[in-house]
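Q: Take any residue in the sequence shown, count from 1 to its spot, add 6: that is its number in the numbering used here. For each residue, glycine too, the CB sits at the ideal point set by N, CA and C. The structure displayed is predicted, hence computed values, not measured ones.
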Amino acid sequence: MHPRVAELVDLLTRGRAALLAAVASVPAEQLEQRPNSDSWSVAEVLDHLVMVEAGSARLLAKRLMRAREAGLGPETETSTVLDRLPGYDPASSPPRVAPETVRPREGATAESALAGLQDARETLMGVLRDGDGLALEQVTAVHPVLGDIDLYRWVLFIAKHEDRHERQVRAIAAALASHAARED
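1. When the Cα atoms are used, what is the spatial distance from D125 to S184?
2. What separation, rounded to the nearest whole angstrom, lies between the Cα atoms of A147 and D138?
3. I'd like to know whether the C-beta atoms of A49 and A119 end up nearer to each other than 8 Å.
4. If the criterion is Cβ atoms closer than 8 Å, does the pair A116 and L37 meet it?
5. Name the residue from P9, Q144 and H167 whose alpha carbon lies nearest to the alpha carbon of P100.
6. Looking at Y158 and L25, is the spacing between their C-beta atoms short of 8 Å?
7. Candidates D136, V175 and D169: which alpha carbon is nearest A73's?
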């Protein structure tokens, strides 16, 4: 595996493990419960992540296919790509309002969202396998916030976005635990 793809796979794998650990910290009966009327439930956060990652993976698969058909060449660089989104840190920026297209669906369940996350990740990993060894910096698509970015940056966005929501799940877990403690 090319070093650039390997580091992205590692980043995604570590991030997903952290997200799943955060989800596991929430009692199963609370996964669909909102801590307050202005917040999402864990299930809704997961559903949002499914929509973002699945949509991104589909877009990247199409863009990679087009680039390959146009004669995309091999990757000649081995330097890290983990620093390719300077200044973009969703974990420290204020919360954003999700566009309508990626807002959680009514009745989202943690079970279906977790299955959807697994499917989306398999699709994204398939894109990385298909592009392994190719000049993925030349595969671009327009991101609604970041503009025209390459495939490496898209994958970094997905990882950072998931990290932000892993922190959100932990905050939801704490709020739900606090509510439960007050009720006791």
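A: Looking at the atomic coordinates:
1. 33 Å
2. Those two C-alpha atoms are separated by around 18 Å.
3. yes
4. yes
5. H167
6. no
7. D136
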